[in-house]
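Take the sequence shown: its letters are residues 1 to 184, numbered as in the working numbering.
We treat Cβ as the ideally placed atom computed from N, Cα and C, and that holds for glycine.
Okay, structure first, notes after.
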Amino acid sequence: ESGSLTMTSFIIKDHVNRSQAPSWAPDTNSNCTFCRIINNELPAYKIYEDDEIIVILDILPLRRGHTLVIPKIHYARLSELPADYAAATGKVVSRIAQALTKALNNTALNVVCNQEYAQVVPHVHYHIIPAPTFGTSSESTKCSKKLSSNQPTMKEMHHMEFKSRRELDEDDGEVLVKEIRARL
1 ESGSLTMTSF IIKDHVNRSQ APSWAPDTNS NCTFCRIINN ELPAYKIYED DEIIVILDIL
61 PLRRGHTLVI PKIHYARLSE LPADYAAATG KVVSRIAQAL TKALNNTALN VVCNQEYAQV
121 VPHVHYHIIP APTFGTSSES TKCSKKLSSN QPTMKEMHHM EFKSRRELDE DDGEVLVKEI
181 RARL
């Protein structure tokens, strides 16, 4: 117990008075990947778009159907996102989750919004990630039941899954966009 407290204190002390990375400053959106997608400066597999929100497929999906719901206003942290955009984002997360579960015939989802920790792009966004399914033919969603006592820990499984990410196949991306849009 005291060892973990010491470790936690050490980690916290490392962050006290640490200067903020420039990419996390408010309104720093000129080089933001999502702002560039929103402004049509970068390509994306767009599933949905309205005045406040854009929804795209993740180009490095954890699993087939890994989708990103992104407010069109640039805020790096969810805790700073204005309430009206948070509400609009929540409505779209729900709508996309419904369409995604129908398109993939898989009701198990993981919905995640990281803030700084594990957040690669400093722009608020939600991941909607279909859960692995047992006995499917798709390698990106297949999860085999292992009967061995040497099963990896949850942390090891997440690490293996993260390392197995592959760039989204262009043809599959186009098919997924059509399948999800058809269910909106």
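Does DSSP classify Glu-116 as helix, strand or coil?
Coil.
Indicate whether the contact test is met: 3 or more Cβ pairs, each with one atom in the segment 77–94 and one in the segment 28–46, closer than 8 Å.
Contact fails: fewer than three Cβ-Cβ distances are below 8 Å.
For the candidate residues Val-92, Leu-60, Ser-30, whose alpha-carbon lies nearest to that of Asp-50?
Checking every option, the nearest Cα to that of Asp-50 belongs to Val-92.
In terms of residues, what are the limits of the alpha helix (DSSP H) holding Lys-91?
Element bounds for Lys-91: 83–104.
Counting contacts by CB-CB distance shorter than 9 Å, is Ala-182 in contact with chain C?
Going by chain labels, chain C is absent from the structure shown, which holds only one protein chain.
By Cβ distance below 7 Å, which residues in the same chain neighbour Leu-72 in space, the five residues on each side in sequence not counted?
Before going on, a small fix: residue 72 reads as Lys here, not Leu. Excluding residues within five positions, the ones whose Cβ falls inside 7 Å are Ile-38, Glu-52, Ile-53, Ile-54.
Could you check what DSSP says for Val-69 in three-state terms: helix, strand or coil?
It is a strand residue.
I believe Thr-133 touches Asn-110 by the beta-carbon criterion, under 8 Å. Please report the beta-carbon distance rounded to the nearest angstrom.
Not quite, the Cβ-Cβ distance comes to about 13 Å (not below 8 Å), so this is no contact.
If you draw a straight line from the alpha carbon of Leu-100 to that of Asp-171, how long is it in whole angstroms?
Distance between the alpha carbons of Leu-100 and Asp-171: 18 Å.
Would you kindly report the start and end of the unbroken beta strand (DSSP E) that includes Ile-129?
Where Ile-129 is concerned, the enclosing beta strand (DSSP E) stretches over 126–130.
If we count the other Cβ atoms within 10 Å of its Cβ and call it buried at 16 or more, is Arg-166 buried or exposed?
Exposed, because fewer than 16 other Cβ atoms sit within 10 Å of the Cβ of Arg-166.
Applying the criterion that 16 or more other CB atoms from any shown protein chain within 10 Å of the CB defines a buried residue, is Pro-152 buried or exposed?
Burial call: exposed.
Cα-Cα, which of Leu-62, Gly-65, Pro-61, Val-69 is closest to Phe-34?
Residue Val-69 is the option with its Cα nearest to Phe-34.
Using a 10 Å radius around the Cβ and a threshold of 16 neighbouring Cβ atoms, would you call Tyr-126 buried or exposed?
That one is buried.
Which of helix, strand or coil does DSSP assign to Glu-156?
Looking at Glu-156 - three-state DSSP - the assignment turns out to be helix.
Buried or exposed: Leu-60, going by 16 or more other Cβ atoms within 10 Å of its Cβ?
Its Cβ having fewer than 16 others within 10 Å, Leu-60 is exposed.
Keeping to the same chain, check which residues put their C-beta closer than 6 Å to that of Gln-115; ignore five residues upstream and five downstream.
Answer for Gln-115: Arg-77, Leu-78, listed in chain order.
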